[in-house]
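Enquirer: Residue 88 in numbering that gives the first Met the number 0 sits at position 89 of the sequence shown, with consecutive numbering throughout.
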Amino acid sequence: MNFLRRTIVILGTATLLAGLPLVIYAQPLQTPINQMSAEYCYKQGMEKAGLGDYQGAIEDLQKAADLFQQQGKEEDYQQALQAINYYQEVIQVMKGLQW
Numbered sequence: 000m001n002f003l004r005r006t007i008v009i010l011g012t013a014t015l016l017a018g019l020p021l022v023i024y025a026q027p028l029q030t031p032i033n034q035m036s037a038e039y040c041y042k043q044g045m046e047k048a049g050l051g052d053y054q055g056a057i058e059d060l061q062k063a064a065d066l067f068q069q070q071g072k073e074e075d076y077q078q079a080l081q082a083i084n085y086y087q088e089v090i091q092v093m094k095g096l097q098w
């Protein structure tokens, strides 16, 4: 009986410890969200544009532009603004094609 208990305790402990790395990796990253989210919003906006969701693309690109500006990334900010202007023009052209 002692052997069985000891085996159960050892197996239980091993199982618990084996699961800890998964719990550690499952925790959210502790990096500042603004550093990553500008690039994420930009990529998300471009993906939406590729799928034809130009209004959604503009919204994501505007978020990216705001974050790039806050981070002092002027070149990325200007690129996001250019994309916004382009997709606004696309929307206007598409409205003109509808009858």
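The beta carbon of each residue, even a glycine, is placed where N, CA and C say it ideally should be. These numbers were taken from a predicted model, which means no experiment stands behind them.
Output needed for Ala48: all residues of its chain with C-beta closer than 7 Å, excluding positions within five of it in sequence on either side, in chain order.
Expert: Ala56 and Tyr86
Enquirer: Mapping DSSP to helix, strand and coil, what is Asp106?
Expert: Residue numbering for the chain in the displayed model covers 0 to 98; residue 106 lies beyond these limits and cannot be assessed.
Enquirer: Helix, strand or coil for Gln70 per DSSP?
Expert: coil
Enquirer: Skipping 5 residues on each side, what residues in its chain have a beta carbon closer than 7 Å to that of Phe67?
Expert: Within the same chain, Cβ atoms closer than 7 Å to the Cβ of Phe67 are found at Ala37, Asp75, Tyr76 and Ala79, the five residues on either side in sequence being excluded.
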